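244 is the number of the first residue of the sequence shown in our numbering; add one for each residue after it.
Take a look at the structure below.
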Amino acid sequence: MFLETVCIDHGKVQHLRAHTERMQQTATHFRFRVPALPNIEALLSPELKVVKVKCSIIYDSSVERISFEIYQPKQIKTLKLVEASPDYAFKYADRSALNNLLRQKGDCDEILICRDGFITDTSYSNVVLEKGGSFFTPRSYLLNGTKRQQLLHSGSIREREISTASLGEYDRIYLINAMLDIEDGVSLPVSNIYP
């Protein structure tokens, strides 16, 4: 089973094309036919049409479940570096590998996964690091998220190798995903990333 998380902002589905393309890539890789999605906007209740909503789609060859929840961003003030190599090239519905890593966060709010000494992602987002007003995302991501792809395509961020040793060269780290953009400000100083 696979998961697609779609942002719906005040009744409007955001970046549906990018999500359907990722579903198609997943289906092609795992050799099943991608299921057709219903009209997601038509499924929203009136109270969900006036807020930001997280839509979760669980699927394989058919859509197993679509759920909606009012989106509340997590408050992340600290990150714990965790060295690991989970397989998350595809957005699996089974997040047990990431959840197991999350248990290593200690007193921190979230983990920042490193692979062979290079920064990848948190347990639920890609990351962007700011340096002197420029924005960079690690080349060594776990999941090539739709927001990451969008920001790279627009030129808002650039890709580069970012090692744990070079973190001190950056000012802030931003968490991005389908629900979060850089402008949403879910960020923290790199001094709040702990080994």
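Every residue gets a Cβ at the ideal spot worked out from N, C-alpha and C, and that includes glycine.
Since the model is a prediction, treat every value here as computed from it, not as a measurement.
So residue 353 and residue 322 are supposed to be a Cβ contact under 8 Å. How far apart are they, rounded? For the purposes of this step, residue 353 is identified with residue 110 of the sequence shown, where counting begins at 1. For the purposes of this step, residue 322 is identified with residue 79 of the sequence shown, where counting begins at 1. That belief holds up - the Cβ atoms of residue 353 and residue 322 are roughly 5 Å apart, short of 8 Å.
Check whether residue 383 and residue 361 have beta carbons under 8 Å apart: Your numbering for residue 383 matches position 140 in the sequence shown. Your numbering for residue 361 matches position 118 in the sequence shown. Going by C-beta atoms, residue 383 is nearer than 8 Å to residue 361.
Measure the alpha-carbon distance for residue 375 versus residue 437 and round it to whole angstroms. By 1-based counting over the sequence shown, the position of residue 375 is 132. By 1-based counting over the sequence shown, the position of residue 437 is 194. C-alpha separation (whole angstroms): 22 Å.
N- and C-terminal bounds of the beta strand (DSSP E) containing residue 403: Numbered from 1 along the sequence shown, position 160 holds the residue referred to as residue 403. Note, residue 403: beta strand (DSSP E), 401-403.
Out of 418, 407, 389, 359, point me to the one whose CA is closest to residue 378's CA. As a working note, residue 378 is residue 135 in the sequence shown. The candidate whose alpha carbon is nearest that of residue 378 is 418.
For the beta strand (DSSP E) that residue 377 lies in, which residues bound it at each end? As a position in the sequence shown, residue 377 is number 134, starting the count at 1. That run of the beta strand (DSSP E) goes 377-381.
Whole-angstrom Cβ separation of residue 284 and residue 262, contact assumed at under 8 Å? Working through the sequence shown from its first residue, we reach residue 284 at position 41. Working through the sequence shown from its first residue, we reach residue 262 at position 19. So it is not a contact: roughly 14 Å between Cβ atoms.
Per DSSP, what kind of secondary structure is residue 292 in: helix, strand or coil? Here residue 292 refers to the residue found at position 49 of the sequence shown. Three-state DSSP puts residue 292 in a helix.
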